[in-house]
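Number of protein chains: 6
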Amino acid sequence: MSTILVNFTCYNLLDIMTSVIRVTKEFHFEMAHALLGYDGPCKNVHGHSYRLFVTLSGNPVDDPGNPKYGMVMDFTDLKNIVRNEIVKVFDHAVVVSRSFDREKKEMFTSAFGNAVIVDYQPTCENLVLDFSDRIKSKLPKSVKLHSLRLYETANSFAEWFASDNE
Amino acid sequence: MSTILVNFTCYNLLDIMTSVIRVTKEFHFEMAHALLGYDGPCKNVHGHSYRLFVTLSGNPVDDPGNPKYGMVMDFTDLKNIVRNEIVKVFDHAVVVSRSFDREKKEMFTSAFGNAVIVDYQPTCENLVLDFSDRIKSKLPKSVKLHSLRLYETANSFAEWFASDNE
Amino acid sequence: MSTILVNFTCYNLLDIMTSVIRVTKEFHFEMAHALLGYDGPCKNVHGHSYRLFVTLSGNPVDDPGNPKYGMVMDFTDLKNIVRNEIVKVFDHAVVVSRSFDREKKEMFTSAFGNAVIVDYQPTCENLVLDFSDRIKSKLPKSVKLHSLRLYETANSFAEWFASDNE
Amino acid sequence: MSTILVNFTCYNLLDIMTSVIRVTKEFHFEMAHALLGYDGPCKNVHGHSYRLFVTLSGNPVDDPGNPKYGMVMDFTDLKNIVRNEIVKVFDHAVVVSRSFDREKKEMFTSAFGNAVIVDYQPTCENLVLDFSDRIKSKLPKSVKLHSLRLYETANSFAEWFASDNE
Amino acid sequence: MSTILVNFTCYNLLDIMTSVIRVTKEFHFEMAHALLGYDGPCKNVHGHSYRLFVTLSGNPVDDPGNPKYGMVMDFTDLKNIVRNEIVKVFDHAVVVSRSFDREKKEMFTSAFGNAVIVDYQPTCENLVLDFSDRIKSKLPKSVKLHSLRLYETANSFAEWFASDNE
Amino acid sequence: MSTILVNFTCYNLLDIMTSVIRVTKEFHFEMAHALLGYDGPCKNVHGHSYRLFVTLSGNPVDDPGNPKYGMVMDFTDLKNIVRNEIVKVFDHAVVVSRSFDREKKEMFTSAFGNAVIVDYQPTCENLVLDFSDRIKSKLPKSVKLHSLRLYETANSFAEWFASDNE
Chain W
1 MSTILVNFTC YNLLDIMTSV IRVTKEFHFE MAHALLGYDG PCKNVHGHSY RLFVTLSGNP
61 VDDPGNPKYG MVMDFTDLKN IVRNEIVKVF DHAVVVSRSF DREKKEMFTS AFGNAVIVDY
121 QPTCENLVLD FSDRIKSKLP KSVKLHSLRL YETANSFAEW FASDNE
Chain X
167 MSTILVNFTC YNLLDIMTSV IRVTKEFHFE MAHALLGYDG PCKNVHGHSY RLFVTLSGNP
227 VDDPGNPKYG MVMDFTDLKN IVRNEIVKVF DHAVVVSRSF DREKKEMFTS AFGNAVIVDY
287 QPTCENLVLD FSDRIKSKLP KSVKLHSLRL YETANSFAEW FASDNE
Chain E
333 MSTILVNFTC YNLLDIMTSV IRVTKEFHFE MAHALLGYDG PCKNVHGHSY RLFVTLSGNP
393 VDDPGNPKYG MVMDFTDLKN IVRNEIVKVF DHAVVVSRSF DREKKEMFTS AFGNAVIVDY
453 QPTCENLVLD FSDRIKSKLP KSVKLHSLRL YETANSFAEW FASDNE
Chain F
499 MSTILVNFTC YNLLDIMTSV IRVTKEFHFE MAHALLGYDG PCKNVHGHSY RLFVTLSGNP
559 VDDPGNPKYG MVMDFTDLKN IVRNEIVKVF DHAVVVSRSF DREKKEMFTS AFGNAVIVDY
619 QPTCENLVLD FSDRIKSKLP KSVKLHSLRL YETANSFAEW FASDNE
Chain S
665 MSTILVNFTC YNLLDIMTSV IRVTKEFHFE MAHALLGYDG PCKNVHGHSY RLFVTLSGNP
725 VDDPGNPKYG MVMDFTDLKN IVRNEIVKVF DHAVVVSRSF DREKKEMFTS AFGNAVIVDY
785 QPTCENLVLD FSDRIKSKLP KSVKLHSLRL YETANSFAEW FASDNE
Chain D
831 MSTILVNFTC YNLLDIMTSV IRVTKEFHFE MAHALLGYDG PCKNVHGHSY RLFVTLSGNP
891 VDDPGNPKYG MVMDFTDLKN IVRNEIVKVF DHAVVVSRSF DREKKEMFTS AFGNAVIVDY
951 QPTCENLVLD FSDRIKSKLP KSVKLHSLRL YETANSFAEW FASDNE
């Protein structure tokens with residue numbers, strides 16, 4: 001039986017307080033979409049198993065009396081925000097642009113159980129941009145939305161980075 | 167520099183000729199579907215990134231003069247069959263049961279770019295059963311369709327096994 | 333816009349009713365354990381991100397009026413069973429054998445927030461055997477527990493198969 | 499703080515002794531090969547990151563005094579066998595058939611640092627068959643080589659099963 | 665049946681036009697190589713299943729009349745560029761440095777079906793650097809090559825970033 | 831048989847010497863921990879299969895006479911450092927904060943085979959920060975520790991970036 005007592009002379013509470021760490025959690029949702037006017041098979045209604053990676057950055061909580069001590073943000077709290085703002089809205093839904101003509105939109109809304117009409121072409125690029133707005137507005141001030149990665153298929157994804165858009 | 171000369175006294179052409187090996191190839195397609203009458207969110211049109219694993223069994227070709235020497239079936243030939251019979255039909259499509267009422271089916275066929283109307287509820291279980299019929303009929307007699315695995319989401323799948331259905 | 337009308341002359345309700353399909357769902361839990369008397373580092377308390385694959389076999393439901401039409405078992409129902417019987421018990425717990433001496437067991441139960449004392453050495457092999465008992469007893473009669481796969485690390489796993497134990 | 503004391507009335511040492519469990523471990527090696535006479539790009543020397551899954555079946559050790567108590571086979575022991583018999587031979591090597599003409603074989607053996615000349619066409623099918631012989635001969639009698647899976651690329655693999663070849 | 669009509673007051677065409685999004689696509693190729701003068705097993709000819717991730721950055725197309733509306737670059741166009749410039753050249757090939765002596769290079773070129781002689785040691789680092797040149801020269805001006813990630817084995821990779829080299 | 835002779839007019843030794851490339855290697859360890867004072871199940875001793883990605887940046891070695899020619903750092907050397915500094919310390923161990931009261935710490939050190947007592951709450955965030963100190967101090971001056979990614983579960987991770995902390 002061995003016990004290792006580790007001493008960090010150069011690693012103390014101050015370091016933690018001023019260090020920036022990024023934390024990421026992965027989410028899934030199953031969604032259909034169609035790209036109006038696209039010149040390929042994506043113009044048809046089809047679907048994907050989307051995987052969304054949400055990355056926050058911040059300082060780990062530095063107060064030993066705080067139950068979140070040592071965390072940038074409790075993954076459970078992050079999970080609740082992303083589930084409410086993204087997964088509940090887009091999972092098991094079909095997403096189409098408002099630019100479809102009225103007749104088709106009416107057809108969509110009556111033919112589909114859960115249609116989400118958005119103000120943009122629902123490409124992977126635009127979805128991840130939209131999601132950045134939805135998540136940012138719900139985060140506490142102590143953390144920053146650093147980036148989002150959205151896999152549309154197993155081998156292609158789009159990313160939004162705060163640093164690219166400041 | 168080293169060269170290893172390997173001799174197999176117990177491993178010869180006869181062994182290869184009578185040995186049964188299984189070979190598997192993975193395919194992907196992006197599909198939407200809806201489950202008529204289901205009591206959950208899957209009743210809505212939604213989509214998945216399906217992953218299909220096709221497993222054949224047979225004896226590796228035993229004729230050194232055959233370009234396919236040592237193969238159960240050339241993966242390229244298998245790829246062509248599965249692409250024609252499955253991927254081309256179901257990729258970037260929406261699949262619904264013939265049991266939807268006439269009005270809705272007409273809506274589906276006009277609202278979607280590529281609707282596949284099938285004679286069954288398009289659950290993962292029934293899709294994999296249907297695929298087994300489609301692939302079996304196109305395989306050469308020298309190989310047997312051993313099994314199919316169809317992932318509907320990243321963590322759930324259905325399987326058809328020949329041995330379960332003989 | 334194209335619509336494919338698919339007709340299956342050889343694929344009908346009877347086929348579905350008598351076809352056997354396997355369905356699998358993946359679960360995760362984060363657990364610590366220790367192997368009493370083992371001659372390697374696994375004798376220490378350490379942890380793993382366990383991944384459990386539960387495979388059922390059965391006939392897809394053949395009644396179009398049943399909301400589970402076309403399913404061997406609704407994944408949601410399977411999820412509830414496995415969460416209650418396995419994940420809630422073993423997630424965020426430390427599992428040790430009853431064979432530890434009394435003093436150590438008392439230490440374990442006071443030092444750990446959630447200790448599960450089992451009647452066996454908690455190897456991956458014995459855990460998967462135990463899980464087979466726990467899950468089997470809760471399944472409806474229409475489905476059979478076909479097999480379980482339990483990953484202890486990313487590249488090693490144990491499996492229980494009903495067919496190996498009949 | 500909670501402690502769960504689990505009692506298994508139906509789960510005892512006898513069950514473990516007579517239960518059959520399968521255990522699997524994954525291995526990797528980086529190998530080049532060429533297929534003599536093949537009518538496609540695989541006739542060229544090229545390479546793959548091979549992944550080999552070795553599955554054994556047996557009864558978990560039932561003697562509490564044995565350090566391997568509860569294990570079908572210690573993963574460390576399995577690792578040593580597969581590393582010696584397979585990984586050390588085939589990793590960072592180029593594998594070609596003895597059927598290449600003498601001049602070319604001499605070129606191979608002088609041009610390559612580590613050439614393995616085998617008595618068969620080194621397809622994925624034949625490699626997995628060869629590996630089954632190499633591993634079987636080194637296993638203790640208490641376990642059985644159940645099957646091997648060899649990934650040649652990320653989405654194609656060959657498998658050898660004892661039950662297919664008995 | 666529910667329809668969600670989503671309105672974005674703060675999310676409009678202007679935002680899309682000025683937002684920077686990164687898009688990534690994954691490619692595979694099966695290649696052999698040898699490292700001249702290396703003091704380890706990589707000096708031998710051996711192979712890997714390479715995975716290449718190509719990341720572009722740019723503004724999603726902002727013209728609703730453009731079939732690529734909402735895309736940084738159509739994945740199909742990116743696929744064609746990377747297939748022509750990288751995959752067709754390096755897949756099913758063996759890559760060695762021009763610094764091998766003449767005799768050995770002649771042996772390589774006669775012994776291998778498809779030898780690619782490059783002006784550098786074909787480490788993962790140099791390959792990814794070479795690929796950055798090959799891809800950059802073929803991209804349209806509207807997008808920027810942001811970065812490349814090249815997996816040599818399942819758990820090691822090299823990356824080139826434009827921002828590291830400006 | 832074809833041989834491609836590749837000439838790079840714009841790609842020479844100077845480019846390699848001044849180019850910055852990042853290299854990454856993945857490591858695994860199996861660890862238990864407990865979060866003192868946390869208001870959720872993580873306050874219990876439990877475990878994870880941690881995956882650590884270590885990313886270095888630097889210029890590939892530019893001296894053809896150096897066995898490491900073309901490498902930022904030999905992966906074998908990096909492997910040795912990370913194994914010694916991280917994996918050997920944290921694998922098959924339980925990690926708890928020094929802030930536990932004396933009685934509990936004594937219990938921990940006697941009840942566990944291998945306890946690592948650290949000066950911080952062992953969240954994923956603080957672990958990755960600690961690891962950055964441990965690895966940085968052992969790297970040669972020619973390379974820079976660029977970033978670390980530590981997966982605690984299959985779908986959540988923390989990252990330390992040098993650029994965030996300069």
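Those protein sequences? They're chains W, X, E, F, S and D, same order as listed.
The working numbering applies: residue 1 is where the first sequence begins, and numbers increase by one.
The working numbering applies: residue 167 is where the second sequence begins, and numbers increase by one.
The working numbering applies: residue 333 is where the third sequence begins, and numbers increase by one.
The working numbering applies: residue 499 is where the fourth sequence begins, and numbers increase by one.
The working numbering applies: residue 665 is where the fifth sequence begins, and numbers increase by one.
The working numbering applies: residue 831 is where the sixth sequence begins, and numbers increase by one.
Glycine included, each C-beta is placed from N, C-alpha and C at the ideal position.
Unbroken alpha helix (DSSP H) run spanning residue i, endpoints
i: X:Val294; result: Cys290 to Lys302
i: W:Asn80; result: Phe75 to Val82
Where the beta strand (DSSP E) through residue i begins and ends
i: X:Glu196; result: Ile187 to His199
i: E:Val428; result: Ala425 to Ser429
i: S:Phe717; result: His710 to Gly722
Three-state secondary structure (DSSP) of residue i
i: S:Phe772; result: helix
i: X:Ala328; result: helix
i: X:Val284; result: strand
i: F:Thr651; result: strand
i: S:Lys808; result: strand
i: W:Phe90; result: helix
i: D:Pro897; result: coil
Alpha-carbon to alpha-carbon, residue j and residue i
i: S:Thr719; j: E:Val404; result: 42 Å
i: E:Val450; j: E:Ala366; result: 12 Å
i: S:Glu694; j: X:Lys304; result: 29 Å
i: S:Asp828; j: W:Cys42; result: 35 Å
i: X:Arg315; j: E:Lys400; result: 21 Å
i: S:Val751; j: D:Thr854; result: 23 Å
i: W:Tyr120; j: W:Asp101; result: 14 Å
i: E:Ser381; j: W:Ser49; result: 23 Å
i: E:Pro472; j: E:Asn416; result: 15 Å
i: D:Asn889; j: D:Ser972; result: 8 Å
i: W:Ala32; j: W:Tyr38; result: 16 Å
i: S:Phe754; j: S:Thr773; result: 15 Å
i: F:Ile519; j: X:Gly236; result: 32 Å
i: S:Phe672; j: W:Lys144; result: With a pLDDT of 35 at S:Phe672, under the threshold of 50, the predicted position of this residue should be treated as unreliable, and no value is reported.
Contact set for residue i: own chain, Cβ-Cβ below 6 Å, skip 5 residues either direction
i: F:Phe457; result: The displayed coordinates of chain F run from 499 to 664. Any statement about residue 457 of chain F would go beyond what the structure contains.
i: D:His876; result: none
i: D:Val946; result: Ala923 and Val925
i: E:Val414; result: Phe359 and Val386
i: E:Pro454; result: His365 and Val427
i: S:Leu716; result: Phe691 and Leu814
i: X:Leu244; result: Lys191
Sequence-distant residues of its chain with Cβ nearer than 7 Å to residue i (five each side left out)
i: D:Ser977; result: Thr885, Glu989, Trp990, Phe991 and Ala992
i: D:Phe905; result: Lys855
i: W:Asn44; result: Ala34
Close-in-space but distant-in-sequence residues of the same chain around residue i (CB under 8 Å, 5 per side omitted)
i: W:Leu36; result: Lys43, Val96, Ser97, Ser99, Phe100 and Gln121
Quiz item: Okay, do the region 754-769 of chain S and the region 149-165 of chain W touch, 3+ Cβ pairs below 8 Å being the bar?
Solution: no
Quiz item: Taking contact to mean at least 3 C-beta pairs separated by less than 8 Å, is the region 776-796 of chain S in contact with the region 820-829 of chain S?
Solution: Pairwise C-beta distances place the region 776-796 of chain S in contact with the region 820-829 of chain S, as three or more of them are shorter than 8 Å.
Quiz item: Taking three-plus beta-carbon pairs below 8 Å as touching, is the region 56-67 of chain W in contact with the region 298-309 of chain X?
Solution: no
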